[in-house]
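Chemist: Residue numbering for the sequence shown follows UniProt numbering, beginning at 1 and increasing consecutively.
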Amino acid sequence: MFITSREKSIIELIIKTAGKHTALTLATFLNVSVRTVHRDLKAIESILKKFDLELIRTQDEGLMIEGKNEQIFRLIQELMKIKTTDQSPQERKLILLILLLEEGDSFKLQTLAKDLEVSITTLTAYLDELTEWLTTFDVLLHRKRGVGVEVQATEANKRKALANYFLVHFNEELIECLFLAEDQQHTDETILHYFYPDYLAEVDRIVHQAINQHHSKLADSDYIGLIVHICIMIQRTKKQMYLEDDGGQTEELVSEMFLMKDICREIERVFSLSFTEKDIHFLAVRLRAAKFQTTRDVYYDSVVVGQIIKNMIAHVSVQLNTDLTGDFSLYQGLLAHMEPAIFRLKQKMELFNPLTEEIKKKYPVLFMAVRNSIDQELPDLVFPDDEVAYLVLHFGSTLVLKEEVMEIQALIVCPTGIGTSKMLASRIRKEIPEINSVVIKSVKEIKEAALEGYDVVISTVRLPFLNADYILVNPLLTEEDIQSVQNFLQKNIQKLTKDKDYRSFQYKNKTVSTEKPSFEETMKQIKDVHGSIESILQNLRMYRFSDAVSHDQVISHVVRAAEKERLITNASCVIHQLKERENKGGLGIPQTSMALFHCREHHVKELIFQVSHLEQPCTVKGMDGTNMQARNLLLMLAPEELSEAQQEILSLISTSLIEDHEAMMIFSSSNEEIIRKKLEDTFHEYLRNNLIKE
Numbered sequence: 001m002f003i004t005s006r007e008k009s010i011i012e013l014i015i016k017t018a019g020k021h022t023a024l025t026l027a028t029f030l031n032v033s034v035r036t037v038h039r040d041l042k043a044i045e046s047i048l049k050k051f052d053l054e055l056i057r058t059q060d061e062g063l064m065i066e067g068k069n070e071q072i073f074r075l076i077q078e079l080m081k082i083k084t085t086d087q088s089p090q091e092r093k094l095i096l097l098i099l100l101l102e103e104g105d106s107f108k109l110q111t112l113a114k115d116l117e118v119s120i121t122t123l124t125a126y127l128d129e130l131t132e133w134l135t136t137f138d139v140l141l142h143r144k145r146g147v148g149v150e151v152q153a154t155e156a157n158k159r160k161a162l163a164n165y166f167l168v169h170f171n172e173e174l175i176e177c178l179f180l181a182e183d184q185q186h187t188d189e190t191i192l193h194y195f196y197p198d199y200l201a202e203v204d205r206i207v208h209q210a211i212n213q214h215h216s217k218l219a220d221s222d223y224i225g226l227i228v229h230i231c232i233m234i235q236r237t238k239k240q241m242y243l244e245d246d247g248g249q250t251e252e253l254v255s256e257m258f259l260m261k262d263i264c265r266e267i268e269r270v271f272s273l274s275f276t277e278k279d280i281h282f283l284a285v286r287l288r289a290a291k292f293q294t295t296r297d298v299y300y301d302s303v304v305v306g307q308i309i310k311n312m313i314a315h316v317s318v319q320l321n322t323d324l325t326g327d328f329s330l331y332q333g334l335l336a337h338m339e340p341a342i343f344r345l346k347q348k349m350e351l352f353n354p355l356t357e358e359i360k361k362k363y364p365v366l367f368m369a370v371r372n373s374i375d376q377e378l379p380d381l382v383f384p385d386d387e388v389a390y391l392v393l394h395f396g397s398t399l400v401l402k403e404e405v406m407e408i409q410a411l412i413v414c415p416t417g418i419g420t421s422k423m424l425a426s427r428i429r430k431e432i433p434e435i436n437s438v439v440i441k442s443v444k445e446i447k448e449a450a451l452e453g454y455d456v457v458i459s460t461v462r463l464p465f466l467n468a469d470y471i472l473v474n475p476l477l478t479e480e481d482i483q484s485v486q487n488f489l490q491k492n493i494q495k496l497t498k499d500k501d502y503r504s505f506q507y508k509n510k511t512v513s514t515e516k517p518s519f520e521e522t523m524k525q526i527k528d529v530h531g532s533i534e535s536i537l538q539n540l541r542m543y544r545f546s547d548a549v550s551h552d553q554v555i556s557h558v559v560r561a562a563e564k565e566r567l568i569t570n571a572s573c574v575i576h577q578l579k580e581r582e583n584k585g586g587l588g589i590p591q592t593s594m595a596l597f598h599c600r601e602h603h604v605k606e607l608i609f610q611v612s613h614l615e616q617p618c619t620v621k622g623m624d625g626t627n628m629q630a631r632n633l634l635l636m637l638a639p640e641e642l643s644e645a646q647q648e649i650l651s652l653i654s655t656s657l658i659e660d661h662e663a664m665m666i667f668s669s670s671n672e673e674i675i676r677k678k679l680e681d682t683f684h685e686y687l688r689n690n691l692i693k694e
C-alpha cells in the first residue's frame with residue numbers, strides 16, 4: 001500500500017480525536033493549506049475503502065472514520081508496518097519527466113529506477129503512461145534493449161511538454177508556491193523538484209509590473225502559465241539548452257512581441273542572461289494564446305468570428321427553447337474568449353480547465369448544446385472538453401444556472417425485464433449521468449406501454465414491431481454503446497428540453513431582478529442608440545477609385561476627407577492607429593472582395609462607416625492570414641470611449657457584412673442607396689427586437 005507521511009499523520013490524528021478535527025484544524029496542525037488537506041482526504045478515502053472503512057463528516061465538519069473496530073485495528077497495524085514516502089505517483093512521474101527532458105537523451109532503466117527509488121516494473125508502468133502522453137507534444141520515447149530509454153524531440157516541444165505537465169497536474173500547488181515564494185516563505189531548495197523559489201518570485205514581479213504598464217490583463221491560469229514558461233526558459237537557457245530555428249515564426253504578434261521584449265529585457269538584466277528572438281517569439285505565441293481580453297478591448301469588427309458567435313448563440317437558443325440572441329453581454333464575452341481559443345487550437349496548445357468535470361456533471365444538457373453549436377460552426381477545429389467548458393460558463397452568466405433539475409427519462413427494454421436489465425440500468429446511471437431516471441420493461445410490456453413519456457428507449461433486443469426510435473445495446477453496455485446513447489442525447493436536445501420544467505434556463509433579466517430600469521436610464525439608452533444610428537447613416541460615404549491604388553492610399557484619402565468634414569480632428573493619428581491595427585492581423589474578409597479597416601481613436605468624434613470601391617483590386621492580408629484581392633475597402637472608425645449601445649451598433653454592422661450571400665453582394669455593390677437601405681433594415685430589426693417590444 002502506497003501512502004505519504006502526511007496522509008498517515010492525518011489518519012492517525014482522525015483516529016485519535018474522532019470528530020474533533022476538521023480540515024481547517026488539520027491544516028493548521030500540519031502547517032499546510034486547507035486545499036492540500038482536502039486533496040489528501042480524497043486519497044485517504046481510497047485507502048480506507050480497502051479496509052471496508054469510510055471517512056464521514058459530522059454536522060460540524062468534524063472528521064471520523066467509521067467501520068468495524070477490528071478493521072480500524074487492522075488499519076492501525078498496517079500503518080505501523082508501512083514505510084511512508086512523501087512522493088505521490090504523480091510526483092514520481094514528474095521527477096521522471098524532468099530527468100528525461102533535462103539530463104540528456106538516453107538513460108539506463110536501472111539508473112532511472114534507482115533515482116526514483118522504485119522497481120523496474122513500476123518504472124516501466126510510468127514510462128508507458130508518459131510515452132503515450134508525450135506523443136501529443138511530438139516528444140518520442142524509444143525503449144531499446146541494452147540501451148534503455150532514448151528521448152527524441154525538439155527543444156520547443158520539450159518546453160511545451162514540461163510546462164503542460166506542471167500546469168495540468170500541479171496547478172493548485174503552483175498557485176500556492178507562487179504565493180509563498182512572493183512572501184519568501186518557501187523553505188525548500190526547489191519547488192516541485194524543479195523551480196527555484198527566487199526565480200519564481202522575481203519572474204512574478206517582472207511579469208506583473210510589465211502587464212500593468214501595458215494595461216493588459218490575463219486570467220489567473222494564463223498568468224501562472226506564462227510564469228511557468230518563462231521560468232523553464234530561464235533554467236534551460238542557463239543549462240545551454242537553446243531553441244532551434246524551426247522557421248515557424250509566421251504569426252503576426254506585434255503587440256505580444258512588444259510586451260514580451262519588455263519582459264525579456266528586464267529578465268536578461270536581472271538574471272544575466274541573453275535571449276534570442278526565437279525565445280521571445282516562443283513566449284509571445286504563449287501570450288497570444290493566453291491573452292484575456294476584457295469586453296472593452298474586443299474589436300467589434302471581428303467579422304468572421306463575430307458571425308460564428310451569433311450563429312452559435314442562435315443554435316444554443318433553439319436547442320434550449322430559450323431566446324438568448326438579444327443578449328449583447330453574452331456576445332461580448334464569447335467574442336473576447338473565442339479568438340484566443342481558436343489561436344490555441346490552431347497552435348495545438350492545450351488548455352487546462354479545473355472545472356470541466358464539475359461543469360459536465362452539473363450542466364450536462366447545456367454542455368451538449370454548446371458542444372453541438374461549436375461542432376456545427378467550426379467543424380474543422382476539434383474543441384476539447386476543457387475549451388467547451390469555458391464557453392459553457394459564458395452561457396451560464398446569461399442564464400440563471402442552478403444545478404440542472406430537468407429529468408431525462410430512459411426506458412430499458414430486455415427480453416424478460418429481469419436479470420441483466422438491473423445491471424444494465426445501474427451501468428447507464430453510472431456511465432451516462434445525463435440520464436437520471438431509468439425504467440425497466442420486458443418486450444411483452446413494451447407492446448402496451450406508452451412511449452411518449454420517455455426521452456430515450458434503450459433495448460438489448462431488436463424491436464422490429466416498434467415505430468419509435470430506439471438504441472440497440474449490448475447487455476454489458478460497451479464503450480461504443482455509451483457513445484451511441486450520448487450521441488442520441490446530443491442530437492435531440494431540443495426535443496429533450498421542450499415542454500419540460502427546465503428551471504436552470506431562465507433568462508437572467510426575468511429572474512434575477514424584477515426591477516425595471518429607471519425612466520432616466522431608459523431615455524439615456526434610447527438617446528445612445530438613436531445617436532449611434534444617426535451618426536452611421538449621416539456619415540455614410542461612397543468613394544470610387546478608377547486608377548490603380550494601394551489600400552494605404554485609399555485609406556489615407558478617405559480619412560483626410562473625414563478630417564475636412566470635422567468628423568475627426570487629427571487624420572495622421574487616426575491613419576497611424578489604423579496601420580497599428582492592420583499590423584496585428586489581416587483585415588480582408590475571406591471568400592469576399594471586402595476588407596474592413598477600423599480603429600478606436602480619441603481624435604474620432606463620431607461613429608463613421610464608409611465604403612471605397614476600387615476598379616482595380618489591391619492586395620491585402622486576409623483575416624485567415626493569406627493574401628487576397630480586395631475591391632471594396634470598408635472604413636469603420638469610433639471614438640476611444642464607447643457606450644454599450646455604440647459597441648452594439650458597431651457589432652451589428654460588422655456581423656451583418658457576411659450574415660448571408662445577399663448581404664455580401666450588397667456591401668460589395670458600390671451602390672450607396674442599397675447599402676444605406678441594408679443598414680436601415682438592420683437597425684430597424686434591432687430596434688424592433690430590443691427597444692420597441694419593451
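A virtual CB, placed ideally from N, CA and C, is assigned to each residue, including glycine.
Note the first and the last residue of the continuous alpha helix (DSSP H) segment covering residue 203.
Modeler: Your numbering for residue 203 matches position 203 in the sequence shown. From DSSP, the alpha helix (DSSP H) with residue 203 extends over 197-213.
Chemist: Let me confirm a value: residue 646 is counted as buried when at least 16 other C-beta atoms fall within 10 Å, else exposed. Which label applies?
Modeler: Indexing the sequence shown from 1 puts residue 646 at position 646. Buried.
Chemist: Can you list, in chain order, the residues of its chain whose CB lies under 6 Å from that of residue 619, leaving out five sequence neighbours each side?
Modeler: Residue numbering aside, residue 619 sits at position 619 when the sequence shown is read from its first letter. So the list reads 627, once near-sequence residues are dropped.
Chemist: Can you tell me whether residue 89 is buried or exposed? The criterion is at least 16 other CB atoms within 10 Å of its CB, across all chains shown.
Modeler: Position 89 of the sequence shown, counted from the start, is the residue given in the question as residue 89. The residue in question, residue 89, is exposed, as its Cβ has fewer than 16 Cβ neighbours within 10 Å.
Chemist: Going by Cα to Cα distance, which pick from 269, 50, 4, 51 is closest to residue 39?
Modeler: In the sequence shown, the residue the question calls residue 39 occupies position 39. Looking at the Cα atoms, 4 is the closest of the given residues.
Chemist: Taking the alpha-carbon positions, what's the residue 403 to residue 392 distance?
Modeler: Numbered from 1 along the sequence shown, position 403 holds the residue referred to as residue 403. Numbered from 1 along the sequence shown, position 392 holds the residue referred to as residue 392. Its pLDDT being 48, under 50, residue 403 is placed unreliably in this model, and the coordinates cannot settle the point.
Chemist: Whole beta strand (DSSP E) runs in the stretch 105-154 with 3 or more residues, listed along the chain?
Modeler: If we require 3 residues or more, the beta strand (DSSP E) runs fully inside the stretch 105-154 come out as 140-144, 148-152.
Chemist: Going along the chain, which residues of its own chain have a beta-carbon closer than 6 Å to the beta-carbon of residue 157, five neighbours each way excluded?
Modeler: Start at 1 with the first residue of the sequence shown, and residue 157 comes out as number 157. Closer than 6 Å at Cβ, skipping near neighbours: 137, 138, 139.
Chemist: Beta carbon of residue 319, beta carbon of residue 494: below 8 Å?
Modeler: Locating residue 319 in the sequence shown gives position 319, where the first residue counts as 1. Locating residue 494 in the sequence shown gives position 494, where the first residue counts as 1. Yes, Cβ-Cβ distance for residue 319 and residue 494 is below 8 Å.
Chemist: Output the boundary residues of the alpha helix (DSSP H) element that contains residue 80.
Modeler: Numbered from its first residue, the sequence shown carries residue 80 at position 80. Unbroken alpha helix (DSSP H) run through residue 80: 69-81.
Chemist: Going by DSSP, name the residue or residues bridged to residue 627.
Modeler: Here residue 627 refers to the residue found at position 627 when the sequence shown is read from its first residue. Note: residue 627 sits in a beta bridge opposite 621.
Chemist: Taking residue 339 as the reference, give the member of 381, 316, 441, 363 with the closest Cα.
Modeler: Residue numbering aside, residue 339 sits at position 339 when the sequence shown is read from its first letter. Residue 339 has its Cα closest to that of 381, out of 381, 316, 441, 363.
Chemist: Out of 263, 284, 227, point me to the one whose CA is closest to residue 254's CA.
Modeler: The sequence position of residue 254 within the sequence shown is 254, counting from 1. Among 263, 284, 227, the Cα nearest to that of residue 254 belongs to 284.
Chemist: Does DSSP put residue 335 in a helix, in a strand, or in coil?
Modeler: Locating residue 335 in the sequence shown gives position 335, counting from the first residue. Of the three classes helix, strand and coil, the one that applies to residue 335 here is helix, per DSSP.
Chemist: Tell me which same chain residues have a C-beta within less than 7 Å of the C-beta of residue 468, skipping the five on either side of it?
Modeler: For the purposes of this step, residue 468 is identified with residue 468 of the sequence shown, where counting begins at 1. Excluding sequence neighbours, residue 468 sits near 451, 457.
Chemist: Starting from residue 543 and walking both ways along the beta strand (DSSP E), at which residues does that stretch end?
Modeler: Residue 543 sits at position 543 when you count from the first residue of the sequence shown. Where residue 543 is concerned, the enclosing beta strand (DSSP E) stretches over 542-545.
Chemist: Does residue 157 come out as helix, strand or coil in the three-state DSSP assignment?
Modeler: Residue numbering aside, residue 157 sits at position 157 when the sequence shown is read from its first letter. Correct three-state label for residue 157: helix.
Chemist: Taking the Cβ atom as the reference point for each residue, do residue 100 and residue 151 lie within a distance shorter than 8 Å?
Modeler: Along the sequence shown, read from residue 1 onward, the residue named residue 100 stands at position 100. Along the sequence shown, read from residue 1 onward, the residue named residue 151 stands at position 151. Yes; because the gap between Cβ atoms is below 8 Å, this pair is in contact.
Chemist: In whole angstroms, what is the alpha-carbon distance linking residue 144 and residue 429?
Modeler: The residue given as residue 144 occupies position 144 in the sequence shown. The residue given as residue 429 occupies position 429 in the sequence shown. Computed Cα separation, rounded: 45 Å.
Chemist: I'd like the span of the beta strand (DSSP E) that includes residue 272, first residue to last.
Modeler: The count along the sequence shown starts at 1 and reaches residue 272 at position 272. It is not in any beta strand (DSSP E) - residue 272 carries neither H nor E in the DSSP assignment.
Chemist: Please state the DSSP three-state secondary structure of residue 550.
Modeler: Locating residue 550 in the sequence shown gives position 550, counting from the first residue. Residue 550: coil per DSSP, three-state reduction.
Chemist: Tell me whether residue 531 sits in a helix, a strand or coil according to DSSP, three-state version.
Modeler: On the sequence shown, residue 531 is found 531 positions in, with the first residue counted as 1. Reduced to three states, the DSSP call for residue 531 is helix.
Chemist: The alpha helix (DSSP H) spanning residue 367 covers which residue range?
Modeler: As a first step, residue 367 is located in the sequence shown; it is residue number 367 there, counting from the start. Residue 367 -> alpha helix (DSSP H) spans 364-377.
Chemist: What is the rounded straight-line gap between the Cα of residue 42 and the Cα of residue 54?
Modeler: The residue you call residue 42 lines up with position 42 of the sequence shown. The residue you call residue 54 lines up with position 54 of the sequence shown. Distance between the alpha carbons of residue 42 and residue 54 is about 11 Å.
Chemist: Where does residue 455 land, buried or exposed, given buried means 16+ other C-beta within 10 angstroms?
Modeler: Here residue 455 refers to the residue found at position 455 when the sequence shown is read from its first residue. Counting Cβ neighbours within 10 Å, residue 455 comes out buried, since at least 16 surround it.
Chemist: Would you say residue 640 and residue 600 are within 8 Å of each other, going by their C-beta atoms?
Modeler: Residue 640 sits at position 640 when you count from the first residue of the sequence shown. Residue 600 sits at position 600 when you count from the first residue of the sequence shown. For residue 640 and residue 600, yes; Cβs fall inside 8 Å.
Chemist: I want to know whether the stretch 608-617 touches the stretch 583-590 - three or more CB-CB distances under 8 Å.
Modeler: With the cut-off at 8 Å, the stretch 608-617 and the stretch 583-590 do not touch.
Chemist: Buried or exposed for residue 354, please, with buried defined as at least 16 other CB atoms from any protein chain shown within 10 angstroms of its CB.
Modeler: Within the sequence shown, the letter at position 354 stands for residue 354. So residue 354 counts as exposed.
Chemist: Quick one: any contact between the stretch 524-544 and the stretch 643-657, if contact means 3 or more CB pairs under 8 Å?
Modeler: Touching, yes, given that three or more Cβ pairs across the two stretches are closer than 8 Å.
Chemist: Select from 309, 359, 315, 234 the residue whose C-alpha is nearest the C-alpha of residue 279.
Modeler: Numbered from 1 along the sequence shown, position 279 holds the residue referred to as residue 279. Minimum Cα distance to residue 279 is reached at 234.
Chemist: Following the continuous alpha helix (DSSP H) through residue 7, name the residue where it begins and the one where it ends.
Modeler: Counting from 1 along the sequence shown, the entry for residue 7 is found at position 7. Here the alpha helix (DSSP H) through residue 7 covers 5-16.
Chemist: Based on Cα-Cα distance, which residue from 595, 200, 556, 413 lies nearest to residue 577?
Modeler: Numbered from 1 along the sequence shown, position 577 holds the residue referred to as residue 577. Here the closest residue by C-alpha is 556.
Chemist: Take residue 554 and list the residues in its own chain whose beta-carbon comes closer than 8 Å to its own, dropping the five residues that flank it on each side.
Modeler: Numbered from 1 along the sequence shown, position 554 holds the residue referred to as residue 554. 543, 545, 612, 614, 618, 633, listed in sequence order.
Chemist: What span of residues does the alpha helix (DSSP H) with residue 24 cover, start to end?
Modeler: Position 24 of the sequence shown, counting from 1, holds the residue named residue 24. Its alpha helix (DSSP H) spans residues 23-30.
Chemist: Just list the residues that DSSP pairs residue 609 with in beta bridges.
Modeler: To locate residue 609, count along the sequence shown from 1; it is residue 609. DSSP output for residue 609 lists 636 as bridge partner(s).
Chemist: Going by alpha carbons, who is nearest to residue 69 out of 56, 62, 51?
Modeler: Counting from 1 along the sequence shown, the entry for residue 69 is found at position 69. Nearest option by C-alpha distance: 51.
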